[in-house]
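J.: The structure follows.
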Amino acid sequence: MVLNFASATPMARAGEEGLVNAQFGLVADRMCRSFGAWMGRTAHKGPRMPVDDILRTAASIETINDTTRQVEIPVRLLAAEGVHTEDRVPALLGAATYRGDFTGLAPLFRAAFWLGMGPGRQHGLGQLTFR
1 MVLNFASATP MARAGEEGLV NAQFGLVADR MCRSFGAWMG RTAHKGPRMP VDDILRTAAS
61 IETINDTTRQ VEIPVRLLAA EGVHTEDRVP ALLGAATYRG DFTGLAPLFR AAFWLGMGPG
121 RQHGLGQLTF R
């Protein structure tokens with residue numbers, strides 16, 4: 001499977017420092033956190049995602065080729081209106097190829113395709129495509 005980060009996709013959480021990468025376990029974790037936050041904000045009453053099962057599956061996925069690069073995006077694109085800071089957050093741009101058993105991850109991929117991933121989606125960040 002090839003995952004294309006079509007626009008800068010924030011990968012670091014608040015307080016995290018260092019380099020980000022396209023290791024699939026990290027990507028799946030950030031997808032789950034994005035959708036968990038979205039479900040909370042929309043008062044979603046339906047079933048919750050099986051996060052533990054998703055992360056267990058993601059741990060077995062191998063990265064074959066990673067042509068992503070880290071870019072820095074301003075925090076003001078991710079934060080609430082009125083935040084004025086010059087801090088920057090690491091994000092990924094580019095593509096990564098993975099190999100493994102993706103059984104059961106199709107709903108996660110569909111949601112990520114339609115909703116995007118991470119904060120800043122209102123500014124076009126976090127757009128993903130899969131093939």
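What the sequence shown shows, in the working numbering, is residues 1 to 131, in sequence order. Ideal Cβ positions, reconstructed from N, Cα and C, are used throughout, including at glycine. Source: prediction; values computed, not measured.
Evaluate A132 with the Cβ neighbour count: other Cβ atoms within 10 Å of its Cβ, from every protein chain shown; 16 or more gives buried, anything less gives exposed.
T.: This structure cannot settle anything about residue 132, because the visible part of the chain is limited to 1 through 131.
J.: Below 6 Å CB to CB, which residues in the same chain sit around R131 once its five sequence neighbours on both sides are set aside?
T.: V2
J.: Mark P47 as exposed unless 16 or more other C-beta atoms lie within 10 angstroms of its C-beta, in which case mark it buried.
T.: exposed
J.: Kindly indicate which three-state DSSP category D87 falls into: helix, strand or coil?
T.: coil
J.: Taking the straight line between their C-alpha atoms, what separation do you get for A118 and V75?
T.: The question names Ala, yet the displayed sequence has Gly at residue 118. Each residue's alpha carbon lies about 13 Å from the other.
J.: Using the Cα positions of D53 and A111, report the straight-line distance between them to the nearest angstrom.
T.: Rounded to the nearest whole angstrom, the CA to CA distance from D53 to A111 is 17 Å.
J.: Note the first and the last residue of the continuous beta strand (DSSP E) segment covering R48.
T.: Here R48 belongs to no beta strand (DSSP E), and DSSP marks it neither H nor E.
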